[in-house]
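This note's numbering applies: residue 1 is where the sequence shown begins, and numbers increase by one. Just so you know, even glycine gets a beta-carbon here, dropped at the ideal spot from N, CA and C. Working notes for the structure below.
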Amino acid sequence: MKKNIKWLLLVSLIVVACNNDDSNDEPAEVPVVPGTAVFTKYVALGDSFAAGYSDGALFAKGQSNAYTNILSQQFAAAGGGAFTTPYMLDNIGGFSSGGVQIPKFPTRFIFEPVTRTPVNVPGVSGTAITARLTGSFNNMGVPGAKSFHLLAPGYGNLAGVFTTPATANPYFARFSSSSTTSILADAMAQAPTFFSLFIGGNDVLGYATNGGVPTSQDPVLGDDITPTATFNFAYNTLVSTLTSNGAKGVVANLPYITTLPHFTTVPYNPLTAKSIGKDNEAVGLATIKLLNAQLYGPLKAALTAFGAGDRINLLSETSASPVLIKDETLPNLAAKLAAAFTPTLGAQTAAFYGAIFGQARQAKSTDLLLLTTRAAIGAAPTAVDSGVGIAPPYPLNAFGISFPLQDKHVLIPTEIEEIRVATDAYNVIIAAAAEAKGLAFVDTKGVMTKLSSGGIRFGNFTMTSSYAVGGAFSLDGVHPSPRGYGLIANIFIDAINAKYGSTLRHVDLGTYPIQYPLTIQ
1 MKKNIKWLLL VSLIVVACNN DDSNDEPAEV PVVPGTAVFT KYVALGDSFA
51 AGYSDGALFA KGQSNAYTNI LSQQFAAAGG GAFTTPYMLD NIGGFSSGGV
101 QIPKFPTRFI FEPVTRTPVN VPGVSGTAIT ARLTGSFNNM GVPGAKSFHL
151 LAPGYGNLAG VFTTPATANP YFARFSSSST TSILADAMAQ APTFFSLFIG
201 GNDVLGYATN GGVPTSQDPV LGDDITPTAT FNFAYNTLVS TLTSNGAKGV
251 VANLPYITTL PHFTTVPYNP LTAKSIGKDN EAVGLATIKL LNAQLYGPLK
301 AALTAFGAGD RINLLSETSA SPVLIKDETL PNLAAKLAAA FTPTLGAQTA
351 AFYGAIFGQA RQAKSTDLLL LTTRAAIGAA PTAVDSGVGI APPYPLNAFG
401 ISFPLQDKHV LIPTEIEEIR VATDAYNVII AAAAEAKGLA FVDTKGVMTK
451 LSSGGIRFGN FTMTSSYAVG GAFSLDGVHP SPRGYGLIAN IFIDAINAKY
501 GSTLRHVDLG TYPIQYPLTI Q
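Below, the structure written as structure tokens:
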């Protein structure tokens with residue numbers, strides 16, 4: 001018995017010794033090293049993503065959670081220096097003037113759980129649009145900037161912010177070194193040893209968020225697609241200049257912005273008896289019957305006679321129906337409809353109906369309704385936004401239901417294709433520049449594909465592109481959430497480590513929220 005006890009004691013001592021042996025199977029933590037990169041002076045160039053824009057506004061907490069700021073914190077462990085940001089004064093968001101919020105630059109969004117819609121936080125931003133900062137800033141992300149804006153002298157001229165159209169950007173005007181400088185010039189003045197460049201989204205975004213209606217190249221809210229030749233010149237000038245003194249860097253390609261929740265959240269077929277009746281199903285059903293008898297039925301009959309009966313079908317009484325939209329690519333049947341309706345409506349009213357429905361059709365699954373269009377569905381058209389110069393009377397007083405949504409409300413397939421073609425061309429240019437200059441390359445397009453087709457798992461979480469609940473995007477449906485910015489930082493880190501042999505560490509995405517609260521501490 002004593003021998004057995006001694007044997008058991010010996011075995012237990014051996015086990016304890018083995019468990020405390022420094023040569024156990026757990027891998028030693030890899031030390032953080034820069035590899036061949038030099039992070040001493042990191043400068044970030046880009047647009048609203050680089051700046052940390054979120055929930056429809058730029059505000060201090062969003063800036064601190066920008067992927068660029070997160071990267072700088074990880075660079076610090078590998079020799080990175082200080083990283084300065086032109087912070088807004090508070091967490092209200094946007095700009096004020098004379099103590100009043102400027103409508104063009106509203107406060108940030110928060111989620112209203114009852115209506116399940118974004119609403120602007122109350123208050124007025126403490127950041128005046130005329131205020132200027134002194135000193136140089138490592139984070140040179142400028143909301144609204146397109147590729148060629150980074151080269152433009154005077155883009156930070158405060159006087160140009162107030163011209164019509166604007167010739168300058170108020171976000172850059174806050175911290176530009178002079179009224180004649182450019183973003184690139186101010187970046188190069190800091191002699192960066194490492195840079196990040198994520199630019200090009202705004203070169204198509206304004207066109208998309210305006211429903212494919214081009215008007216101008218306004219520096220802040222421009223809505224034309226940048227020509228490929230212009231992008232090519234701007235991008236290669238940026239990369240060649242940034243690397244001219246031996247700096248290394250990381251660049252990123254562009255996702256299809258039409259896969260962002262701003263364009264995928266509102267269904268093409270949201271019309272039910274309940275929605276039409278504004279939660280009163282009986283009222284909605286009665287309205288459907290009336291519209292089918294007085295509007296949809298006659299339109300369907302007339303269009304069928306013209307060989308265009310597939311444009312409009314009767315509203316369903318039992319399932320969801322598509323919204324009415326205007327499709328400017330369709331042959332305009334206004335004159336034919338006017339002639340068909342004249343006997344019953346009279347010439348003047350018939351001509352009015354023809355003008356409204358000459359290019360109308362019901363939406364299809366290949367159309368994309370904007371996030372902002374959700375509020376327009378069922379709203380009464382005004383003289384300004386009806387497209388016919390007057391506010392139409394009943395029963396034509398409900399956008400998407402009895403009156404076609406206009407071009408600005410929806411992206412049709414031809415417009416989606418324009419965006420795709422431009423994005424593909426930009427991405428070829430970006431990849432070629434990265435290859436030519438030996439830069440780290442981030443495939444954000446591939447990551448967005450994963451987010452929108454099943455999601456990306458980390459720990460016990462799955463991040464998707466679903467609006468409000470997916471975790472990757474903020475309430476404006478375009479810009480990342482805090483967790484989304486953390487994800488961007490991690491994929492940038494992966495590309496940098498792969499290219500330069502560095503061992504930068506990921507951040508823990510679980511520590512970043514998916515939404516900002518009303519009150520930010």
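Quick one: give me the first and last residue of the alpha helix (DSSP H) that PHE195 is part of.
In the sequence shown, the residue the question calls residue 195 occupies position 195. That residue, PHE195, is in no alpha helix (DSSP H); its beta strand (DSSP E) goes 194 to 198.
Around the Cβ of PHE461, are there at least 16 other Cβ atoms within 10 angstroms (buried) or fewer (exposed)?
Numbered from its first residue, the sequence shown carries residue 461 at position 461. With fewer than 16 Cβ atoms within 10 Å of its Cβ, PHE461 is classed as exposed.
Which of the three DSSP states, helix, strand or coil, is assigned to GLY98?
Counting from one through the sequence shown, the residue named residue 98 turns up at place 98. Coil, per DSSP.
Between the CA atoms of PHE194 and ALA37 - distance to the nearest angstrom
Within the sequence shown, numbered from 1, the residue matching residue 37 stands at position 37. Within the sequence shown, numbered from 1, the residue matching residue 194 stands at position 194. In this model, ALA37 and PHE194 are separated by some 7 Å (Cα to Cα).
Report the CB separation of PHE39 from THR84 in whole angstroms; it is logged as a contact under 8 Å.
Position 39 of the sequence shown, counting from 1, holds the residue named residue 39. Position 84 of the sequence shown, counting from 1, holds the residue named residue 84. Actually they do not touch by this definition, with Cβ atoms about 15 Å apart.
Are LEU487 and LEU509 closer than 8 Å when you measure CB to CB?
As a first step, residue 487 is located in the sequence shown; it is residue number 487 there, counting from the start. As a first step, residue 509 is located in the sequence shown; it is residue number 509 there, counting from the start. Inclusion of LEU487 and LEU509 in the CB contact set at 8 Å is warranted, their separation being smaller than that value.
How would you label SER23, buried or exposed, when you count the other beta carbons within 10 angstroms and need 16 or more for buried?
Within the sequence shown, numbered from 1, the residue matching residue 23 stands at position 23. Because SER23 sits at a pLDDT of 40, beneath the cut-off of 50, its placement in the model cannot be relied upon, and the point is left open.
Buried or exposed: GLY346, going by 16 or more other Cβ atoms within 10 Å of its Cβ?
Taking the sequence shown and counting its residues from 1, the one referred to as residue 346 is at position 346. By the beta-carbon neighbour count (other beta carbons within 10 angstroms, threshold 16), GLY346 is exposed.
In the DSSP assignment, find the unbroken alpha helix (DSSP H) run with THR287 in it and report its ends.
Along the sequence shown, one-based indexing puts residue 287 at 287. THR287 -> alpha helix (DSSP H) spans 281 to 291.
From ILE514, ASP367, THR414, residue whose alpha carbon lies closest to that of LEU405:
Position 405 of the sequence shown, counted from the first residue, corresponds to residue 405. The shortest C-alpha separation from LEU405 is found at ASP367.
Put ASN120 into one of helix, strand or coil per three-state DSSP.
What you label residue 120 is simply residue 120 of the sequence shown in a count that begins at 1. Strand.
Closest to ALA128 by CA distance: which of ARG483, LEU299, GLY297, GLY93 is it?
If you number the sequence shown from 1, residue 128 lands on position 128. Considering only ARG483, LEU299, GLY297, GLY93, the residue with the shortest C-alpha distance to ALA128 is GLY93.
ALA398 versus VAL410 - alpha carbon distance:
Along the sequence shown, read from residue 1 onward, the residue named residue 398 stands at position 398. Along the sequence shown, read from residue 1 onward, the residue named residue 410 stands at position 410. Each residue's Cα considered, the two are about 16 Å apart.
Straight-line CA distance for GLN359 to LEU315?
Position 359 of the sequence shown, counted from the start, is the residue given in the question as residue 359. Position 315 of the sequence shown, counted from the start, is the residue given in the question as residue 315. The straight-line gap from Cα to Cα measures roughly 18 Å.
Measuring only the C-alpha atoms, how far is VAL204 from ALA286?
Position 204 of the sequence shown, counted from the start, is the residue given in the question as residue 204. Position 286 of the sequence shown, counted from the start, is the residue given in the question as residue 286. Spanning the two alpha carbons is a distance of roughly 43 Å.
Cutting at 7 Å between CB atoms, please list the residues of its own chain near THR241, excluding the five before and the five after it.
The count along the sequence shown starts at 1 and reaches residue 241 at position 241. Here the set comprises LEU184, MET188.
If you follow the beta strand (DSSP E) that LYS248 is in, where does it begin and where does it stop?
Mapped onto the sequence shown, residue 248 falls at position 248. From DSSP, the beta strand (DSSP E) with LYS248 extends over 248 to 252.
Exposed or buried, which one is LYS499 when buried takes at least 16 other CB atoms within 10 Å?
Within the sequence shown, the letter at position 499 stands for residue 499. Classification of LYS499: buried, given that the 10 Å Cβ count is 16 or more.
Taking HIS479 and TYR53 to be in contact with their CB atoms under 8 Å, please state how far apart those CB atoms are, rounded to whole angstroms.
The count along the sequence shown starts at 1 and reaches residue 479 at position 479. The count along the sequence shown starts at 1 and reaches residue 53 at position 53. Confirmed, Cβ separation roughly 5 Å.
Return the chain-ordered list of same chain residues with a C-beta closer than 7 Å to the C-beta of TYR426, the five sequence neighbours on each side being excluded.
As a working mapping, residue 426 is identified with position 426 in the sequence shown. Cβ neighbours of TYR426 beyond the five flanking positions: GLY200, ASP203, PHE231, LEU254.
I think VAL213 touches LYS408, with their Cβ atoms under 8 Å apart; what is that distance to the nearest whole Å?
On the sequence shown, position 213 is the one that residue 213 refers to. On the sequence shown, position 408 is the one that residue 408 refers to. The beta-carbon separation of VAL213 and LYS408, rounded to 5 Å, stays under the 8 Å limit for a contact.
GLU415, buried or exposed, once every other Cβ within 10 Å from all chains shown has been counted against 16:
As a position in the sequence shown, residue 415 is number 415, starting the count at 1. So GLU415 counts as buried.
Helix, strand or coil: which one does DSSP assign to ARG505?
Position 505 of the sequence shown, counting from 1, holds the residue named residue 505. Three-state result, ARG505: coil.
I need the straight-line Cα distance from ARG311 to GLN362, nearest angstrom please.
Along the sequence shown, read from residue 1 onward, the residue named residue 311 stands at position 311. Along the sequence shown, read from residue 1 onward, the residue named residue 362 stands at position 362. Taking the straight line joining both Cα atoms gives about 6 Å.
Assign ASN210 to buried or exposed, taking buried as 16 or more other Cβ atoms, counted over all protein chains shown, within 10 Å of its Cβ.
Here residue 210 is taken as the residue at index 210 of the sequence shown, counted from 1. By the Cβ neighbour-count rule, ASN210 is buried, with 16 or more other Cβ atoms within 10 Å of its own.
DSSP beta-bridge partners for GLY46?
Locating residue 46 in the sequence shown gives position 46, counting from the first residue. For GLY46, which the question treats as bridged, DSSP gives the partners GLY141, PHE198.
Could you check where the beta strand (DSSP E) with LEU324 kicks off and where it finishes?
Working through the sequence shown from its first residue, we reach residue 324 at position 324. Per DSSP, LEU324 belongs to the beta strand (DSSP E) from 324 to 326.
Assuming THR264 and ALA320 make a contact with CB atoms under 8 Å, what is their CB distance in whole Å?
Position 264 of the sequence shown, counted from the first residue, corresponds to residue 264. Position 320 of the sequence shown, counted from the first residue, corresponds to residue 320. The pair is not a contact, with the Cβ atoms about 17 Å apart (cut-off 8 Å).
Excluding five sequence neighbours on each side, which residues of the same chain lie with their C-beta closer than 7 Å to the C-beta of ALA350?
In the sequence shown, residue 350 corresponds to position 350, counting from 1. Result list for ALA350: ALA338, PHE341, THR342, in chain order.
How about the region 49 to 63 and the region 101 to 109: do they share at least three Cβ pairs that are nearer than 8 Å?
Yes: at least three Cβ pairs fall under 8 Å.
Reducing DSSP to helix, strand and coil, say where GLU418 ends up.
Along the sequence shown, one-based indexing puts residue 418 at 418. The answer is helix: DSSP assigns GLU418 an H, G or I state.
Here's the rule: buried if 16 or more other CB atoms are within 10 angstroms of the residue's CB, otherwise exposed. What is GLY501?
Position 501 of the sequence shown, counted from the first residue, corresponds to residue 501. Exposed, by the Cβ-count rule.
Anticipated Cβ contact below 8 Å, VAL228 with ALA422, distance rounded:
In the sequence shown, residue 228 corresponds to position 228, counting from 1. In the sequence shown, residue 422 corresponds to position 422, counting from 1. The sequence shown places Thr at residue 228, rather than the Val named in the question. At roughly 7 Å, the Cβ-Cβ gap stays under 8 Å, so THR228 and ALA422 are in contact.
Just grab the DSSP bridge partners of LEU405 for me.
Residue mapping note: residue 405 aligns to position 405 of the sequence shown, counting from 1. LEU405 is bridged to ILE325.
Short of 7 Å in beta carbon distance, which residues of its chain neighbour ARG420, apart from the five on each side in sequence? Order them along the chain.
The residue given as residue 420 occupies position 420 in the sequence shown. Around ARG420: TYR256.
Straight-line gap, GLY309 to PRO381 (C-alpha atoms, nearest Å):
Reading the sequence shown from its first residue, position 309 is the one you call residue 309. Reading the sequence shown from its first residue, position 381 is the one you call residue 381. Whole-angstrom Cα-Cα distance: 25 Å.
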